[in-house]
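Numbering (our numbering), first residue to last: 200 to 328.
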């Protein structure tokens with residue numbers, strides 16, 4: 200039986216995000232003065248509205264995956280976690296590595312031997328359409 204809230208995987212996901220943020224913060228990839236200047240020009244209210252809209256977009260895309268994979272034995276929380284990590288990988292790594300992660304992670308999370316990676320790829324294609 201699968202946990203409803205798998206703490207080890209959730210903590211691992213959080214750790215990956217913290218490590219990526221730490222690497223970006225310590226490197227000279229981003230001009231933080233430029234970021235602060237842009238944020239002042241944009242304004243906090245506009246930034247928060249844009250952030251909320253981005254979160255809503257990710258939630259709706261995750262909901263589409265939940266609907267497309269409704270018959271599978273994967274909990275909605277797991278689908279949201281896998282989708283969020285996949286989107287992060289898509290933004291950080293080339294060649295849509297996050298989509299590959301989504302396919303492999305959903306296959307692994309299913310636990311059903313008959314669950315096919317082709318089913319996940321089909322869901323990804325439908326979600327894009």
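Backbone N, C-alpha and C define an ideal beta-carbon position, used for all residues, glycine too.
Quick caveat: nothing in here was measured; it's all calculated off a predicted structure.
Reduced DSSP secondary structure (H/G/I, E/B, other) of residue i
i, result
"residue 227", "coil"
"residue 295", "coil"
"residue 262", "helix"
"residue 285", "helix"
"residue 313", "coil"
"residue 278", "helix"
Chain-order list of residues whose beta-carbon lies under 8 Å from that of residue i (same chain, five-residue window excluded)
i, result
"residue 265", "275, 278 and 279"
"residue 283", "212, 257 and 261"
"residue 320", "302"
C-alpha gap between residue i and residue j, whole angstroms
i, j, result
"residue 211", "residue 234", "28 Å"
"residue 298", "residue 261", "13 Å"
"residue 237", "residue 218", "25 Å"
"residue 285", "residue 273", "16 Å"
"residue 300", "residue 232", "34 Å"
"residue 263", "residue 253", "15 Å"
Residue i: first and last residue of the uninterrupted alpha helix (DSSP H) it sits in
i, result
"residue 326", "316-327"
Any C-beta of chain D under 8 Å from that of residue i
i, result
"residue 235", "Among the chains in the structure shown there is no chain D, since it carries only a single protein chain."
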